[in-house]
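Here is the structure we will look at, set down as structure tokens.
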Amino acid sequence: MLLFLWLWLWLWLWLWLWLLLLLLLLLFFLLLLLNSRHSRNSRFPPSVVVFAVPPMRWTQTLIPTLKETPADAEVVSHKLMLRAGLIRKLASGTYNYLPLGFRALNKVVHIVRDEMDRAGANEILMPALQPVELWKETGRYEAFGPIMCQFQDRTGRMNVLGPTHEEVVTDIVRNEINSYRQLPITLYQIQVKFRDEIRPRFGVLRSREFIMKDAYSFDVDTAGMDKSYEKMYEAYGRIFTRCGLVFRVVQADSGLMGGSASCEFMVPSPAGEDLIVSCECGYGANIEIAEGPVAGVADSRVGSIPPPEPVSTPGSHTVEQVCRAMDGRPADLVKTLICTSGGKPFAALVRGDHELSIPKLIRSLKSADVALADAATIQRVTGGPLGFSGPVGLTIPIYADRAVAAMSEAIVGGNRADTHLRHAVWNRDYKAAEVWDLRMAVDGDPCPKCGRRTAVTHGIEVGHVFKLGTKYSDALKAHILTEAGKGIPAVMGCYGIGVNRIVAACLENASDDRGIQWPWAIAPYHVLVTSVDLKKPKVAEASQRIYEALSAARDPETGEAFEVLWDDRDSQAGVKFKDADLIGIPLRVTVGKAVEQGNVEVKSRKKEGFTTVPVDPVSKVVEAVQTAARGPIIFSAAPAP
RNA sequence: CGGGGCGUAGCUCAGCCUGGCUAGAGCGCUUGGUUCGGGACCAAGAGGUCGCAGGUUCGAAUCCUGUCGCCCCGACCA
Numbered sequence: 002m003l004l005f006l007w008l009w010l011w012l013w014l015w016l017w018l019w020l021l022l023l024l025l026l027l028l029f030f031l032l033l034l035l036n037s038r039h040s041r042n043s044r045f046p047p048s049v050v051v052f053a054v055p056p057m058r059w060t061q062t063l064i065p066t067l068k069e070t071p072a073d074a075e076v077v078s079h080k081l082m083l084r085a086g087l088i089r090k091l092a093s094g095t096y097n098y099l100p101l102g103f104r105a106l107n108k109v110v111h112i113v114r115d116e117m118d119r120a121g122a123n124e125i126l127m128p129a130l131q132p133v134e135l136w137k138e139t140g141r142y143e144a145f146g147p148i149m150c151q152f153q154d155r156t157g158r159m160n161v162l163g164p165t166h167e168e169v170v171t172d173i174v175r176n177e178i179n180s181y182r183q184l185p186i187t188l189y190q191i192q193v194k195f196r197d198e199i200r201p202r203f204g205v206l207r208s209r210e211f212i213m214k215d216a217y218s219f220d221v222d223t224a225g226m227d228k229s230y231e232k233m234y235e236a237y238g239r240i241f242t243r244c245g246l247v248f249r250v251v252q253a254d255s256g257l258m259g260g261s262a263s264c265e266f267m268v269p270s271p272a273g274e275d276l277i278v279s280c281e282c283g284y285g286a287n288i289e290i291a292e293g294p295v296a297g298v299a300d301s302r303v304g305s306i307p308p309p310e311p312v313s314t315p316g317s318h319t320v321e322q323v324c325r326a327m328d329g330r331p332a333d334l335v336k337t338l339i340c341t342s343g344g345k346p347f348a349a350l351v352r353g354d355h356e357l358s359i360p361k362l363i364r365s366l367k368s369a370d371v372a373l374a375d376a377a378t379i380q381r382v383t384g385g386p387l388g389f390s391g392p393v394g395l396t397i398p399i400y401a402d403r404a405v406a407a408m409s410e411a412i413v414g415g416n417r418a419d420t421h422l423r424h425a426v427w428n429r430d431y432k433a434a435e436v437w438d439l440r441m442a443v444d445g446d447p448c449p450k451c452g453r454r455t456a457v458t459h460g461i462e463v464g465h466v467f468k469l470g471t472k473y474s475d476a477l478k479a480h481i482l483t484e485a486g487k488g489i490p491a492v493m494g495c496y497g498i499g500v501n502r503i504v505a506a507c508l509e510n511a512s513d514d515r516g517i518q519w520p521w522a523i524a525p526y527h528v529l530v531t532s533v534d535l536k537k538p539k540v541a542e543a544s545q546r547i548y549e550a551l552s553a554a555r556d557p558e559t560g561e562a563f564e565v566l567w568d569d570r571d572s573q574a575g576v577k578f579k580d581a582d583l584i585g586i587p588l589r590v591t592v593g594k595a596v597e598q599g600n601v602e603v604k605s606r607k608k609e610g611f612t613t614v615p616v617d618p619v620s621k622v623v624e625a626v627q628t629a630a631r632g633p634i635i636f637s638a639a640p641a642p
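Residue numbering for the first sequence follows our numbering, beginning at 2 and increasing consecutively.
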């Protein structure tokens, strides 16, 4: 009896052991299978493998499309982002990213990360919450002013929500790096920034909270910094190209960041808040710093010009009003702008048809603290009210634009209410301490490089690279020991990308009147399966099969998995087609009445027409989508359904 | 911050000037039905502290005061 029980137990044990073995074997094969798929994938350089997301049914996600445009949207990208259900506003300048919008944003994040890593930068994460003391150390607490979001914590300490992170990275470096052997190094993060913008606008293009990729390079010397800068510059080009953007690189002002050189990456678009000057020869610059033409010299008729003569110009304080009152052209006027720098007043002169560029003034004066004077200061230093200032008889320093120095005579303010002077002559009636390039460039100015006509266009700033030098490492004492054993401040560069802006900039240029046309690389999904009338068993069955087959398929060239969205809603065909065009998924497979003949249609969002493919075998549909994903496909002559 | 404008249903808006029944329309939403390849139709329904607070008045979405929010135009930036 005992023996029997014993044997029985043994048998049991054996059985279980075998079963376990079998299971293990199965697991092993499964892993092998998965691994083989993965290794197939790894043939491709990491640059093209973005990330695969699971397929999705429309009814199981949140895509709240809008038929009507919300009233507060002004620019194309903003309208489209709202209408296609990408974002929703929470408050002024803050937005919720809904599933579709977040997926696109994430695609950009992955591309940026991939290229930064490829360029040898190291990803870190710094806190958005920062002690105000750090900012006071560099003096930027004052420089940023009210743009910084700040608050007091329980202990009474002041904190800021970082608008950027130069101070914090430099603090890391000052604490952790002390030898030239540890350099060069570039640190970056993709993180949220806070700026209490004076005026948030254009949706996600200018918001109070946004995602920025910010990188910072540290080198022992300027030559090293130049190299680090170059690497980032190249990476930027790759990033924007991969995101499907058309962009220009222009020379820019380094503004609050400080430093020696900087370039902006601009996407030309009427929605852009920046103005850029560009020339066929490749020259490009932000209008703030674009070099104005060297004007000629005043002609020699000076002798024959009568002395300045006061003219009554009641109420005329704008250039136009003065022109009307004096019967002149704007180009006959000299505008006198009273400014202050470090509390001291001075006058800046530009021709009546030109605009003063404050950034140019800042660069020429080598003082960051330049502002237009208020009415009281103007009254005090000129003796006249705002709108009637002129250079004649002024005792404060005068700086003139080159074009002013080239005028033989001019109409100027009389420094008295309702009075202007005519026949004011340069170097006879008024003089300038310096003649500089101070005016904003205008459309048609000759190119400073080649002399041809330049054009002024709007641009969206998606990236900005700066050669900072030692501004921050000096201020924060981020010193390193050189080979010779000498302590020197690290030479820095900093590099920003507006991640949200990339998405918006992309929509500005990749859309038509029906909706978005996502570039493949950042499309929230690659393929949309549109089922017309799912109540028909044939449609339902074919859709399901296609959805599954496509979800398992890969782009043969990149190895990327197809990301598939299935419009399985029970709504009318019209609604589905309109929404499909609106959300702009690059490829659409329409499962509808053609299934009766055993066919479906494959269509590209960007092109008219479609290809008809048999549903059986499904591999045919997959093939058609794979072909379409890779560029032009042969379309049948039939118009879009 | 200065100038202009707007807050009424999820969205687009009417009603306000000249105070007066239970505050409206279109779209969207729910249910049922007919439809079903480019935002269809019929029927029934849900949904509103009229931004908020105070005042005037017998009575306020409407008039007055304050306040908050939002948008647009100008000086900042990814």
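Idealized CB from N, CA, C, for every residue including glycine.
**Request:** Under 7 Å Cβ to Cβ from E116, same chain only, skipping five residues before and after it: list those, please.
**Result:** Start at 1 with the first residue of the first sequence, and residue 116 comes out as number 115. Result list for E116: A236, R239, I240, in chain order.
**Asked** Using 8 Å as the threshold, is the stretch 438-452 in touch with the stretch 460-474, meaning 3 or more CB pairs across them?
**Response** Touching, no, given that fewer than three Cβ pairs across the two stretches are closer than 8 Å.
**Request:** Taking 8 Å as the threshold, find out whether the stretch 98-107 comes into contact with the stretch 154-165 through three or more Cβ pairs.
**Result:** These segments do not touch.
**Item:** Three-way DSSP call (helix, strand, coil) for E410 in this model
**Value:** Here residue 410 refers to the residue found at position 409 when the first sequence is read from its first residue. Of the three classes helix, strand and coil, the one that applies to E410 here is coil, per DSSP.
**Prompt:** Which class does Y230 belong to by DSSP, given the choice of helix, strand or coil?
**Reply:** Against the first sequence, residue 230 aligns to sequence position 229. If DSSP states are grouped into helix, strand and coil, Y230 belongs with the helices.
**Nearest to R546 (by Cα), restricted to the options V616, G499, A505** = Within the first sequence, residue 546 is the residue found at index 545, counting from 1. Comparing Cα positions, the closest option is V616.
**Asked** What distance in whole Å lies between the Cβ atoms of P392 and V413, which are believed to be in contact at a cut-off of 8 Å?
**Response** Within the first sequence, residue 413 is the residue found at index 412, counting from 1. Within the first sequence, residue 392 is the residue found at index 391, counting from 1. Between V413 and P392 a beta carbon distance of about 6 Å is seen, short of the 8 Å cut, so the two are scored as contacting.
**Message:** Which of the three DSSP states is assigned to S390 in this structure?
**Reply:** As a working note, residue 390 is residue 389 in the first sequence. In the structure shown, S390 sits in coil (DSSP, three-state: anything other than H, G, I, E or B).
**Asked** If we ignore side chains and look at the alpha-carbon of each, how far apart do L334 and T242 end up?
**Response** The residue labelled residue 334 in the question sits at position 333 within the first sequence. The residue labelled residue 242 in the question sits at position 241 within the first sequence. Separation of L334 and T242 (C-alpha to C-alpha, rounded to the nearest whole angstrom) is 46 Å.
**Item:** Per-residue burial, L91 [other beta carbons within 10 Å of its own, 16 or more giving buried]
**Value:** Sequence index remark: in the first sequence, residue 91 carries index 90 (1-based). When all chains shown are included, L91 counts as exposed.
**Message:** Please classify S368 as buried or exposed, where buried requires at least 16 neighbouring CB atoms within 10 angstroms.
**Reply:** Here residue 368 refers to the residue found at position 367 of the first sequence. Counting C-beta atoms within 10 angstroms of its own C-beta, S368 has fewer than 16 neighbours from the protein chains shown and is therefore classed as exposed.
**Message:** Going by C-alpha to C-alpha distance, which of A476, Q627, G488, D118 sits closest to D222?
**Reply:** Taking the first sequence and counting its residues from 1, one reaches residue 222 at position 221. The shortest Cα separation from D222 among A476, Q627, G488, D118 belongs to G488.
**Prompt:** Under 8 Å between the Cβ atoms of A595 and T612?
**Reply:** The sequence position of residue 595 within the first sequence is 594, counting from 1. The sequence position of residue 612 within the first sequence is 611, counting from 1. Using a Cβ distance threshold of 8 Å, A595 and T612 do not count as a contacting pair.
**Touch test, the stretch 451-458 against the stretch 373-385, Cβ-Cβ under 8 Å, three pairs minimum** = Put simply, the stretch 451-458 does not touch the stretch 373-385. Fewer than three CB pairs are less than 8 Å apart.
**Prompt:** Expressed to the nearest angstrom, what Euclidean distance is found between the alpha-carbon atoms of V622 and R606?
**Reply:** One-based indexing of the first sequence puts residue 622 at position 621. One-based indexing of the first sequence puts residue 606 at position 605. Going from the Cα of V622 to the Cα of R606 covers about 17 Å.
**Message:** Please classify T314 as buried or exposed, where buried requires at least 16 neighbouring CB atoms within 10 angstroms.
**Reply:** The count along the first sequence starts at 1 and reaches residue 314 at position 313. Buried: at least 16 other Cβ atoms inside 10 Å.
**Asked** Got a sec? Which residues, its chain only, sit under 7 Å from T60 by beta carbon, not counting five neighbours each side?
**Response** If you number the first sequence from 1, residue 60 lands on position 59. Hits under 7 Å: D569, R570.
**Prompt:** With a Cβ-Cβ cutoff of 8 Å, do Q192 and M233 count as a contact?
**Reply:** Taking the first sequence and counting its residues from 1, one reaches residue 192 at position 191. Taking the first sequence and counting its residues from 1, one reaches residue 233 at position 232. Result no, Cβ atoms of Q192 and M233 do not sit closer than 8 Å.
**Item:** Euclidean distance between Cα positions of A479 and P185
**Value:** Here the question's residue 479 lines up with position 478 in the first sequence. Here the question's residue 185 lines up with position 184 in the first sequence. Taking the straight line joining both Cα atoms gives about 14 Å.
**Prompt:** So what does DSSP say about C324, is it helix, strand or coil?
**Reply:** Locating residue 324 in the first sequence gives position 323, counting from the first residue. Shown here, C324 sits in a helix according to DSSP, grouped into three states.
**Prompt:** Any heavy atom of the ligand FAD within a distance shorter than 7 Å of the CB on E265?
**Reply:** With respect to small molecules bound, the structure shown includes none, and the ligand FAD cannot be examined in it.
**Prompt:** Between V250 and C264, is the Cβ-Cβ spacing less than 8 Å?
**Reply:** Within the first sequence, numbered from 1, the residue matching residue 250 stands at position 249. Within the first sequence, numbered from 1, the residue matching residue 264 stands at position 263. A distance below 8 Å separates the beta carbons of V250 and C264.
**Opening and closing residue of the alpha helix (DSSP H) in which K539 lies** = Locating residue 539 in the first sequence gives position 538, where the first residue counts as 1. For K539, the uninterrupted alpha helix (DSSP H) segment begins and ends at 538-553.
**Among I277, I359, D197, I584, the one whose alpha carbon lies nearest that of L338** = Numbered from its first residue, the first sequence carries residue 338 at position 337. Here the closest residue by C-alpha is I359.
**Item:** Under 8 Å between C-beta atoms of P331 and G353
**Value:** Locating residue 331 in the first sequence gives position 330, counting from the first residue. Locating residue 353 in the first sequence gives position 352, counting from the first residue. Yes. Within cutoff.
**Message:** Cutting at 6 Å between CB atoms, please list the residues of its own chain near P56, excluding the five before and the five after it.
**Reply:** The residue labelled residue 56 in the question sits at position 55 within the first sequence. Counting only Cβ-Cβ distances below 6 Å, and skipping sequence neighbours, we find S552, V565.
**Request:** Measure the beta-carbon distance from T171 to L482 and round it to whole angstroms, keeping in mind my assumption that it falls under 8 Å.
**Result:** Start at 1 with the first residue of the first sequence, and residue 171 comes out as number 170. Start at 1 with the first residue of the first sequence, and residue 482 comes out as number 481. The Cβ separation is near 17 Å, so there is no contact.
**Through-space distance from E292 to P449, alpha-carbon basis** = In the first sequence, residue 449 corresponds to position 448, counting from 1. In the first sequence, residue 292 corresponds to position 291, counting from 1. Rounded to whole angstroms, P449 to E292 spans 6 Å at the Cα level.
**Request:** Can you tell me which of the three DSSP states C150 falls into?
**Result:** If you number the first sequence from 1, residue 150 lands on position 149. In the structure shown, C150 falls within a strand segment according to DSSP collapsed to helix, strand and coil.
**Asked** Given a threshold of 16 other Cβ atoms within 10 Å of its Cβ, counted over all protein chains shown, does G204 qualify as buried or as exposed?
**Response** Position 203 of the first sequence holds residue 204. So G204 ends up on the buried side.
**Prompt:** What is the DSSP secondary structure of R251, reduced to helix, strand or coil?
**Reply:** Along the first sequence, one-based indexing puts residue 251 at 250. First, the amino acid is wrong: residue 251 is Val here, not Arg. Looking at V251 - three-state DSSP - the assignment turns out to be strand.
**Prompt:** Among E602, V592, D580, which residue has its Cα nearest to the Cα of L81?
**Reply:** For the purposes of this step, residue 81 is taken as the residue at position 80 of the first sequence. Comparing Cα-Cα distances from L81 to each of E602, V592, D580, the minimum goes to D580.
**CA-to-CA distance, A554 to D513, given in whole angstroms** = If you number the first sequence from 1, residue 513 lands on position 512. If you number the first sequence from 1, residue 554 lands on position 553. Per the coordinates, the alpha-carbon of D513 lies some 29 Å from the alpha-carbon of A554.
**Item:** The beta strand (DSSP E) enclosing H421, as first and last residue numbers
**Value:** Working through the first sequence from its first residue, we reach residue 421 at position 420. Run containing H421: 420-425, per the beta strand (DSSP E) assignment.
**Message:** Quick check: the Cα distance between V626 and S78, rounded to an integer number of angstroms?
**Reply:** As a first step, residue 626 must be located in the first sequence, where it is residue number 625. As a first step, residue 78 must be located in the first sequence, where it is residue number 77. Answer to the nearest angstrom: the Cα atoms are 28 Å apart.
**Asked** Given that a residue counts as buried once 16 or more other Cβ atoms are within 10 Å of its Cβ, and exposed if not, what is Q573?
**Response** Here the question's residue 573 lines up with position 572 in the first sequence. Taking every protein chain shown into account, the CB of Q573 has fewer than 16 other CB atoms within 10 angstroms, so this residue is exposed.
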